[in-house]
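Trainee: Dumping the structure here so I can ask a few things about it.
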Amino acid sequence: MSSLREKWNGLPRAAKWGAWAVLGLVAYFGVIEPVIDYRNEVERRATTAEGKLRSLVRESAGVKDDENTLREGVLAFGEVSFPADSAQGAVAFNRLISEVLSKHGVKNNTSTSRTSPIGSGPLSKLVGEDLRLERLSADLQFDAEPEAVAGVIADLERSPAVTAVSRVQIRRADSRDADPRAVRATISVETWLTSPKARRP
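Structural data, given as structure tokens:
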């Protein structure tokens with residue numbers, strides 16, 4: 005040990021500075037730079053993770069907003085059933101209308117129905133590629149007292165099978181034989197159905 009110290013002491017000052025410089029370079033490239041690189045990598049990963057977390061928080065806030073909108077829609081308009089098969093859904097829809105009218109004492113009513121396709125949208129993707137969406141609309145006309153008309157509209161709106169009550173028109177009844185309190189109601193009510201797409205040859 006003393007011989008090394010004597011040799012070190014015997015070196016010129018420039019050689020000592022050179023040796024210190026070499027030791028410094030070895031320490032920097034062998035220890036300090038790998039530590040700095042590791043720290044930078046940890047910071048990069050932390051920044052990436054933080055960005056993902058912030059994105060998830062934003063998305064969850066968006067989902068929460070969508071849930072609130074959906075909840076408010078259900079409170080305002082009631083539950084809506086998923087579109088039924090066209091044959092069974094049409095029968096159930098017509099039966100529902102008859103039951104609601106009968107419940108409120110409506111006897112003399114006329115009804116016309118029409119079916120129209122629904123354009124592509126988010127719901128079209130949910131029903132699948134083999135099915136197409138259709139709108140079945142029924143235009144109802146009947147004379148009844150205002151309370152009965154309001155009850156019919158409320159029950160139709162409340163039913164999950166009814167997608168929308170799209171038009172309501174109420175005016176004084178024309179018939180002189182009718183109840184003097186009676187009004188003529190015209191109501192358009194619709195449901196959405198699915199039917200198989202025609203297969204291409």
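Using our numbering, the first residue of the sequence shown is number 5, and each one after it goes up by one. Note that the Cβ used here is the ideal one computed from N, Cα and C, for glycine as well.
#1: Would the region 95-103 and the region 61-73 be scored as touching if the rule is three or more Cβ pairs under 8 Å?
#2: Check whether the region 50-63 and the region 101-115 are in contact - that is, three or more C-beta pairs closer than 8 Å.
#3: Taking the beta carbon of residue 150 as the centre, do at least 16 other beta carbons fall within 10 Å, making it buried, or is it exposed?
#4: Skipping 5 residues on each side, what residues in its chain have a beta carbon closer than 7 Å to that of residue 157?
#5: Report buried or exposed for residue 196, applying the criterion of at least 16 other Cβ atoms within 10 angstroms of its Cβ.
#6: For residue 174, which of helix, strand or coil comes out of DSSP?
#7: With C-beta atoms as the reference, is residue 193 less than 7 Å away from residue 160?
#8: Taking the alpha carbon of residue 110 as the point to measure from, which residue in 153, 166, 25, 119 has its own alpha carbon closest?
#9: The beta strand (DSSP E) with residue 200 in it runs from where to where?
#10: Expressed to the nearest angstrom, what Euclidean distance is found between the alpha-carbon atoms of residue 115 and residue 130?
#11: Per DSSP, residue 113 forms a beta bridge with which residues?
Mentor: Reading off the structure:
#1: Taking a contact to require three or more Cβ pairs closer than 8 Å, the region 95-103 and the region 61-73 do not qualify as touching.
#2: Below 8 Å, too few C-beta pairs join the region 50-63 and the region 101-115 to call them touching: fewer than three.
#3: The count along the sequence shown starts at 1 and reaches residue 150 at position 146. Counting Cβ neighbours within 10 Å, residue 150 comes out exposed, since fewer than 16 surround it.
#4: As a first step, residue 157 must be located in the sequence shown, where it is residue number 153. Cβ neighbours of residue 157 beyond the five flanking positions: 169, 172, 191.
#5: Walking along the sequence shown from the start, residue 196 turns up at place 192. Residue burial annotation: residue 196 is buried, with at least 16 other C-beta atoms found within 10 angstroms of its C-beta.
#6: Taking the first residue of the sequence shown as position 1, residue 174 is located at position 170. It is a strand residue.
#7: Reading the sequence shown from its first residue, position 189 is the one you call residue 193. Reading the sequence shown from its first residue, position 156 is the one you call residue 160. Result yes, Cβ atoms of residue 193 and residue 160 sit closer than 7 Å.
#8: Within the sequence shown, residue 110 is the residue found at index 106, counting from 1. Checking every option, the nearest Cα to that of residue 110 belongs to 153.
#9: Position 196 of the sequence shown, counted from the first residue, corresponds to residue 200. Taken as a continuous stretch (DSSP letters only), the beta strand (DSSP E) holding residue 200 covers 187-200.
#10: Mapped onto the sequence shown, residue 115 falls at position 111. Mapped onto the sequence shown, residue 130 falls at position 126. Roughly 31 Å between the two C-alpha positions.
#11: Stepping through the sequence shown from its first residue, residue 113 is reached at position 109. Beta-bridge pairing links residue 113 to 146.
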